[in-house]
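Everything below concerns the one structure shown next.
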Amino acid sequence: MCPYAEFLRPIVLILTLSFSVIARAAPPVWDFFRPDLVSSVQLSPDGKQIAYLRWEGTNNALFVLDIDARKQKPLPAGKAQYSWVTWANNRTLLFGLALEGYETGGIFAIDADGSNTRIIMPTVVEQVTPDLNVRISSILDTLPDNDDEILIQGNLVFKHGDNPSVYRVDLKTAKRKTIVDNPGNVISWLTDWQGNVRLGIRVDRKQITLLHRWPDQRPWGELSTLNLARLDYVPLEFSPDGRSLYSLEDIDGLGAALVKVDLTNKARSEILFDPPEGEVLDTILDFQTHEVVGALYQDERLRARAHYFNPEWARRQSQVDAALPNRDNRWIGGSRDGKRILLKSYSDRVDGEYYLYSPEDRKLTQLFSARPWLKPEDLGAMQPISYAAADGLRIPALLTLPPTGPTNHLPLVVLPHGGPWSRDVWTWDPDVQFLASRGYAVLQPNFRGSDGFGRKFLEAGYREWGGKMIDDLATGARWAIDQGYADPKRVAIFGASFGGYAAIMGLIRNPELYRCGIGYLPVTDLRSWLDSKHWSPLQRRLI
32 MCPYAEFLRP
42 IVLILTLSFS
52 VIARAAPPVW
62 DFFRPDLVSS
72 VQLSPDGKQI
82 AYLRWEGTNN
92 ALFVLDIDAR
102 KQKPLPAGKA
112 QYSWVTWANN
122 RTLLFGLALE
132 GYETGGIFAI
142 DADGSNTRII
152 MPTVVEQVTP
162 DLNVRISSIL
172 DTLPDNDDEI
182 LIQGNLVFKH
192 GDNPSVYRVD
202 LKTAKRKTIV
212 DNPGNVISWL
222 TDWQGNVRLG
232 IRVDRKQITL
242 LHRWPDQRPW
252 GELSTLNLAR
262 LDYVPLEFSP
272 DGRSLYSLED
282 IDGLGAALVK
292 VDLTNKARSE
302 ILFDPPEGEV
312 LDTILDFQTH
322 EVVGALYQDE
332 RLRARAHYFN
342 PEWARRQSQV
352 DAALPNRDNR
362 WIGGSRDGKR
372 ILLKSYSDRV
382 DGEYYLYSPE
392 DRKLTQLFSA
402 RPWLKPEDLG
412 AMQPISYAAA
422 DGLRIPALLT
432 LPPTGPTNHL
442 PLVVLPHGGP
452 WSRDVWTWDP
462 DVQFLASRGY
472 AVLQPNFRGS
482 DGFGRKFLEA
492 GYREWGGKMI
502 DDLATGARWA
512 IDQGYADPKR
522 VAIFGASFGG
532 YAAIMGLIRN
542 PELYRCGIGY
552 LPVTDLRSWL
562 DSKHWSPLQR
572 RLI
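Residue 32 is where the sequence shown starts when you use my numbering, and the numbers rise one by one after that.
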């Protein structure tokens with residue numbers, strides 16, 4: 032059973048009692064919230080096989096598809112269900128497990144023919160120390176040129192607290208060797224394309240330091256130092272030759288640009304792309320050469336777009352966009368010889384469809400649909416809108432109306448996202464589509480303090496958790512009322528995590544506006560929450 036479905040039942044009841052909306056025949060509730068039919072789709076390095084998870088009614092099963100033979104094979108399953116899968120090499124799959132819908136932690140391996148299952152890293156429960164600390168690990172690098180080993184980062188000996196060191200792990204025996212001992216306060220590591228650990232991100236009380244070293248160098252040197260209040264620099268990956276570093280940097284405070292850093296003189300050498308609106312999200316890589324061929328960015332309509340430096344890749348994108356219009360079409364994997372590329376296509380009304388693209392003959396072949404039981408015409412269209420906050424700050428948002436019926440004087444649900452250092456974008460959202468299918472308008476404000484809109488917008492939310500961030504939500508609800516979309520007597524607020532906190536605070540600050548509020552996993556005691564030892568100095572500064 033999906034834990035989220037258990038949570039959903041009281042919300043369905045509350046909304047029904049609160050508004051008594053009579054909607055036309057709509058898809059069943061479970062169709063929105065049951066697990067995707069297919070997920071975690073992964074192309075093997077040689078491009079001959081696809082591993083994926085398929086929901087079998089009560090559990091995820093792991094399948095391997097032979098592309099040329101068009102034959103799929105289920106791999107062994109136990110009481111635990113598969114939660115993710117990836118290829119270590121052409122013969123070996125790595126996967127995670129979940130029990131009753133919850134991740135167990137741990138890393139496991141199985142041969143692609145279904146034999147030789149083994150534990151690479153134990154589950155979280157098995158790694159609890161006598162003093163009740165928890166060892167946590169994750170895959171750092173699958174080492175494409177090494178079929179026998181992978182790199183993981185984790186706090187396996189706990190002498191550095193939660194901060195990870197790096198280990199080389201044998202895929203057959205699970206024996207591991209420390210290759211980088213955490214020098215103190217490094218929270219994450221980055222490797223180059225040859226599998227060398229080259230970059231560490233160190234967080235102290237007042238600053239973030241990027242530690243760097245060359246492959247033949249032992250001591251770590253400082254590449255750059257950032258103020259903790261400036262969360263506007265994110266290293267992404269090294270160039271194929273290892274001499275440059277691609278990073279995201281918010282230069283003007285209005286959104287991240289893609290920057291190429293020359294590591295030989297530690298100077299910013301080139302701004303590759305700075306979108307006029309929105310910000311860069313990630314690089315787009317050639318899966319064969321590892322060259323950066325483009326940038327993925329969020330535009331002013333809250334959609335992911337691609338900007339290319341390479342004409343051939345631009346042509347490929349244009350072709351698939353023409354074949355799959357009104358979608359966001361993203362390359363998610365590719366064979367090392369460049370002959371097959373995996374594509375995910377999605378929209379506000381399509382959870383995800385997977386395709387195989389062949390650059391040689393420009394052929395696009397559909398593989399799987401994540402949620403084939405839902406029809407786009409039964410779902411609402413997300414509309415990007417914006418409105419002015421009380422102090423004039425422009426708040427970007429998404430408005431979704433029911434797929435049929437009236438478009439004005441509707442019951443409205445304000446749906447603040449969690450985080451709050453997150454954002455809502457134009458994509459499939461089961462909460463939104465379920466509510467729209469039942470006759471509700473849904474407003475998703477990206478209130479101040481959301482990320483993805485530049486440093487200045489993020490900083491506008493500092494120490495405004497119970498203040499202007501909550502006011503931005505109320506202003507959005509009043510905007511929807513003034514525009515005629517919402518009935519002023521039928522407005523609710525619903526959210527999870529920070530969104531749950533916002534729902535509670537909305538009821539406190541604006542009881543005249545909201546008829547009801549629903550907080551799922553809300554923060555309810557900021558003081559005790561911040562006193563928790565799990566909070567970093569960085570996070571405490573922002574609330």
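Glycine residues also receive a C-beta, built at the ideal position from the N, C-alpha and C atoms.
When secondary structure is reduced to three states using DSSP, T117 falls in the strand class. Linking A527 to D392 through their CA atoms gives a straight-line distance of about 46 angstroms.
In the structure shown, the three-state DSSP call for P246 is coil. The C-alpha of F64 lies about 12 angstroms from the C-alpha of A401. Annotated three-state conformation of I535 is helix, per DSSP. Scanning the region 432-498 for uninterrupted alpha helix (DSSP H) segments of 4 residues or longer gives 461-468, 486-490, listed from N- to C-terminal end.
When the beta-carbon positions are compared, V95 and Q80 come within less than 8 angstroms of each other.
In this structure, the alpha-carbon of L106 lies about 10 angstroms from that of T148.
Check the Cα spacing between A288 and each of S563, P306, D482, R274: the tightest is with P306. In the three-state scheme derived from DSSP, where H, G and I count as helix and E and B as strand, Q319 is classed as coil. Residue S270 holds the alpha-carbon nearest to the alpha-carbon of T295 among S270, G286, V116. Assignment of beta strand (DSSP E) within the region 47-106, counting only whole runs of 3 or more residues, yields 69-74, 80-86, 91-97, 102-105 in chain order. Beta-bridge pairing by DSSP links R425 to A419.
The alpha-carbon of F340 is positioned some 19 angstroms away from that of E280. Around the beta carbon of T173, a 10 Å sphere encloses 16 or more other beta carbons of the protein chains shown; the residue is thus reported as buried. Counting along the chain, the unbroken alpha helix (DSSP H) around Q348 starts and ends at 342-354.
Residue pairing for E301: DSSP places it in a beta bridge opposite K291. Here W251 has P214, G231, L242, H243, R244 as same chain residues with Cβ atoms under 8 angstroms from its own Cβ, once five neighbours each way along the sequence are excluded. Rounded to the nearest whole angstrom, the CA to CA distance from I170 to Q319 is 21 angstroms.
Nearest to A523 by alpha-carbon distance, out of I512, M536, K110, L544, is L544.
Under the criterion of beta carbons closer than 8 angstroms, L410 and Q464 qualify as touching, at roughly 5 angstroms.
In the structure shown, the three-state DSSP call for R358 is coil.
For R358, the closest alpha carbon among the candidates A345, A412, G127 is that of A412.
P403 carries a coil assignment under DSSP once its states are collapsed to helix, strand and coil.
In the three-state scheme derived from DSSP, where H, G and I count as helix and E and B as strand, L171 is classed as strand.
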